Amino acid sequence: MISLAGRDIMHAWGKFVLTGLGLGLLIGVTLSMAGIYRGMVDDARALLDNSGADLWVVQKDTLGPYAEPSSLYDDLWRSIRGMPGVARAANVTYLTMQVRQGEWDVRAMVTGITAGEPGTPGWPPYLVAGRQITRGHYEAVADIATGFRLGDQFQIRRNHYTVVGLTRRMVSSNGDPMIFIPLKDASEAQFLKDNDAIHQQRRRTVETPAFNRPGIPDLLDEVIASQSTNPYVNAVLVQIKSGYVASDVADSIRRWQRLQVYDRIQMEQILVGKLIATSAKQIGMFLVILSVVSAAIVAFIIYTLTLGKIREIAVLKLIGTKNRTIAGMILQQAIALGLIGFVVGKITATLWAPIFPKYVLLEPLDSVRGFVAVVIICVLSSFIAIRAALKVDPAEAIGG
Amino acid sequence: MIGKGIVIEGLKKRYGSGETAVDALKEVNMQVAPGEVVGLIGPSGSGKSTLLKCLGAVIEPTAGRMKLGDEIIYDNGWKVKDLRALRRDRIGFIFQAPYLIPFLDVTDNVALLPMLAGKPNAESRKQAVELFKALDVEHRAKAMPSQLSGGEQQRVAIARGLVNRPPVILADEPTAPLDSERALAVIRILNDMAHRFETAIIVVTHDEKIIPTFKRIYHIRDGVTQEESGEGKDFQ
Ligand SMILES: Nc1ncnc2c1ncn2[C@@H]1O[C@H](COP(=O)(O)OP(=O)(O)O)[C@@H](O)[C@H]1O
Ligand SMILES: [Mg+2]
């Protein structure tokens, strides 16, 4: 027996390939959507991995520092470091903002890191070019996704920074590239008021009789000095000693310091389960719609192709072709269309993934899932056409 | 009269029921011997197509008897279980238009029938090509149907009707789209095949050009058949 489906496809291959191409672009979009979601999850994981922390200590009752604002006093880290099981503890600040370089600006997550040596929590674990920050001020390590190169100068608030090192795939959970600057500079950028505000506040302080007491001349100066310092950071990153269990250390910090502490698993749940959950649902909805649209297209095309062959099907039935053979012919065509579509979709998704501004992660397992989905969709959508074909009366081949 | 060929006795077919019922066949009696080509002639609406459909086992008669070869296929009910296999193995169909499968080449259009019956591809194709010689379409064996002239397509369609060597061939206005020369050629081929393969052939027609060629003719009017002897003209 010959393959009727194969012969039909060979006969009308142009129509098939064009239809498969259209379907393939749609499948490509679907695979890319899945890749965008995977990319978001991977960005979140990369952020956690690159922070070098085992525990995140944040303000009580917050989901900080990535999902909610959190502020802690900048001297807390000392007492945390003294706790059993803690190897290293370091302050860190995060602030997502527009970073200016001349005419243009780029959205980046500016990360303030404490002075120290490589391996300090919060520090970029490896560089692709240049060196780590060595001076206390106005040096920066930037991710290459910012577009900055070594030696570039850029501006955050009032200060100018020089790029001394470059990283790769150091991104926020939003996919924004990271820029590392010294902690002091970063907290200034985050908490410091502008000159006018400082003036205003000083004037108000001077005018407040409680602070401006002739009998205690130093009081006013002290008050003003305390107003202009900003003793806050967003989180303390903690590395634990080997031999200690993260959750035990977290428990004791929680108990003694009355702080919120998250371990790696909890942090991932916050990022993936809360921070990007809405985006994930959005993408999921999109995937559902794309699947329905693909199914509708396959169903419509296969149905149309079948309607165009009603007379031939009547003849085939009259000369004794089994229903199974005819159903098989239509089913095989639907699957063939799906295969062409999948191959085209896989290729296009792979080709255009690097062009996306955010990371698109095409996981092989997603391709396998997509392939299974395409085949199932094609099989289901060929049912309408098969039903139509099976209803054809062989008597139709004999004229009226 | 004869053991083989076609025997139809008291065949009736009613479409629908109650007030709107149509008695398309009221009393049909026919006998066609193996090797014989008979004409079935009647005005439009007289029941010709209905008779072919009953005999071709695609619709069920209401009453009567039908015998194909030496087997009773219908006796107030189907006597054969697998009508599909009956059509495939025992009846050759030739339609008004060729109705070739457009995505199969000429050889496979014909070879499809033995293939459907389970024969190997090579053997099926060989069987098809053998017929092409007799039908003078040998040179078009690899062509697609769309590349053939109307006459060639009809000859391929005839080959398809013959390829399984069915004891019975039903032809529904096979010469309608052809000019008189080609129409006569088709009738000649049918006679030739009937003779060679002991086939009983019924040709439904109202084509004036070919009516004189039949030795025997059945007239059908309002669902009732009547036998007549024809001119049996030598059309060679
Ligand atoms: N499927 C059907 N349902 C009801 N009536 C039908 C059907 N097919 C044919 N008829 C009627 O049966 C009669 C015979 O039709 P048909 O066999 O097609 O005649 P012919 O082929 O000789 O023109 C006509 O009156 C026609 O209207
Ligand atoms: Mg008719």
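Residue numbers (the numbering used here), protein chains in the order written: chain X, -15 to 384; chain A, 219 to 454.
We put the CB at the ideal spot given by N, CA and C, even for glycine.
The structure presented is a predicted model; accordingly, all values stated were derived computationally and were not measured.
Open item on the list: 9 Å is my cut-off, CB to CB: does S267 of chain A come that close to chain X?
Closed with: yes
Open item on the list: For M219 of chain A, which residues in the same chain have their Cβ closer than 7 Å to its Cβ, ignoring the five residues on either side in sequence?
Closed with: Per-residue confidence for M219 of chain A stands at a pLDDT of 38, beneath the threshold of 50, marking its modelled position as unreliable; the derived number appears in the next sentence. Hits under 7 Å: Q249.
Task: Residue from A:H357, A:K271, A:K451 whose Cα sits closest to the Cα of K231 of chain A - done: A:K271
Open item on the list: Is any non-hydrogen atom of ligand 2 found closer than 8 Å to the C-beta of G383 of chain X, if you look at the structure I gave you?
Closed with: yes
TODO: List the residues of chain A whose Cβ lies closer than 9 Å to the Cβ of T305 of chain X, in chain order.
DONE: R302, R306, L330, L334
Task: Against chain X: residues of the region 350 to 372 of chain A by CB proximity under 8 Å - done: M362
TODO: Quick one: using the 10 Å Cβ neighbour count with 16 as the cut-off for buried, is G322 of chain X buried or exposed?
DONE: buried
Open item on the list: If we define contact as Cβ-Cβ less than 9 Å, is K(-1) of chain X a contact residue for chain A?
Closed with: no
TODO: Taking H(-5) of chain X as part of the alpha helix (DSSP H), name the residues at either end of that continuous run.
DONE: -12 to -5
- [ ] Determine which residues share a DSSP beta bridge with N214 of chain X and list them.
- [x] Per DSSP, none; premise fails for N214 of chain X.
Open item on the list: Strictly closer than 6 Å from CB to any heavy atom of ligand 1: give me those residues in the order they appear in the chain.
Closed with: X:G384, A:Y233, A:G234, A:V240, A:A242, A:G260, A:S262, A:G263, A:S264, A:G265, A:K266, A:S267, A:T268
- [ ] Enumerate in chain order the residues of its own chain whose CB-to-CB distance from L345 of chain X is below 7 Å, with the five nearest sequence positions on each side excluded.
- [x] G19, R22, G23, D26
Open item on the list: Per the DSSP calculation, L39 of chain X is bridged to which residue(s)?
Closed with: X:V222, X:D247
Open item on the list: What does the alpha-carbon distance come out to for the pair S365 of chain X and A333 of chain X?
Closed with: 24 Å
Task: Distance between E227 of chain A and G221 of chain A (C-alpha atoms, nearest Å) - done: Reliability fails at G221 of chain A, whose pLDDT of 47 lies under 50, so the model's placement of it is uncertain and the value that follows must be treated cautiously. Near 14 Å, if we compare the C-alpha coordinates of E227 of chain A and G221 of chain A.
Task: Span of the beta strand (DSSP E), counted from its first residue to its last, around G96 of chain X - done: 88 to 97
Open item on the list: By alpha-carbon positions, which one of X:Q174, X:Q266, X:R353, X:V233 ends up nearest to V70 of chain X?
Closed with: X:V233
Open item on the list: Please tell me whether, using a cut-off of 8 Å, the distance from the CB of V421 of chain A to the nearest non-hydrogen atom of ligand 2 is below it.
Closed with: no
Open item on the list: For P385 of chain X, would you say it is in contact with chain A, using Cβ-to-Cβ distances shorter than 9 Å as the test?
Closed with: Past the boundaries of the shown model lies residue 385 of chain X; chain X is included only from -15 to 384, so the question cannot be answered.
- [ ] Taking the CB atoms as reference points, tell me whether V229 of chain X and W40 of chain X lie closer together than 9 Å.
- [x] no
Open item on the list: Using only CA atoms, which one of A:N409, A:A403, A:G448, A:P320 lies nearest to K360 of chain A?
Closed with: A:P320
Task: Element boundaries [beta strand (DSSP E), containing S365 of chain X] - done: That residue, S365 of chain X, is in no beta strand (DSSP E); its alpha helix (DSSP H) goes 348 to 375.
Task: Own chain, CB closer than 6 Å to P378 of chain X, minus 5 neighbours either side, in chain order - done: A298, K301, L302
- [ ] Starting from Q266 of chain X, follow its DSSP beta bridges and name the residues at the other end.
- [x] Its beta-bridge partners do not exist; DSSP assigns none.
TODO: Please classify M219 of chain A: does DSSP put it in a helix, a strand, or coil?
DONE: Unreliable placement is indicated for M219 of chain A, whose pLDDT of 38 sits below 50; no coordinate value is reported for it.
Open item on the list: Could you check whether P105 of chain X and G36 of chain X sit closer than 9 Å to each other, using their CB atoms as the reference points?
Closed with: yes
Task: Between the CA atoms of I(-7) of chain X and F0 of chain X - distance to the nearest angstrom - done: 7 Å
Task: Buried versus exposed call for A412 of chain A [16 or more other C-beta atoms within 10 Å across all chains shown] - done: buried
Task: Spatial neighbours of M362 of chain A in its chain, beta-carbon cut-off 6 Å, leaving aside the 5 residues before and after - done: D323
- [ ] Output yes if chain X places a C-beta closer than 9 Å to the C-beta of F321 of chain A; else output no.
- [x] yes
Task: Cut-off 8 Å between Cβ atoms - residues of its own chain near S236 of chain X, not counting five sequence neighbours on either side - done: M67, P68, G69
TODO: Just the C-alpha distance for I314 of chain X and F132 of chain X, rounded to the nearest angstrom, thanks.
DONE: 56 Å
TODO: Taking C-beta pairs closer than 9 Å, name the residues in chain X that K299 of chain A reaches, listed in chain order.
DONE: Neighbours of K299 of chain A on chain X: none; closest Cβ ~14 Å, over 9 Å.
Task: D377 of chain X Cβ short of 8 Å to ligand 2 heavy atom set - done: no
Open item on the list: Cβ closer than 7 Å: which chain A residues qualify as neighbours of R295 of chain X?
Closed with: Y317
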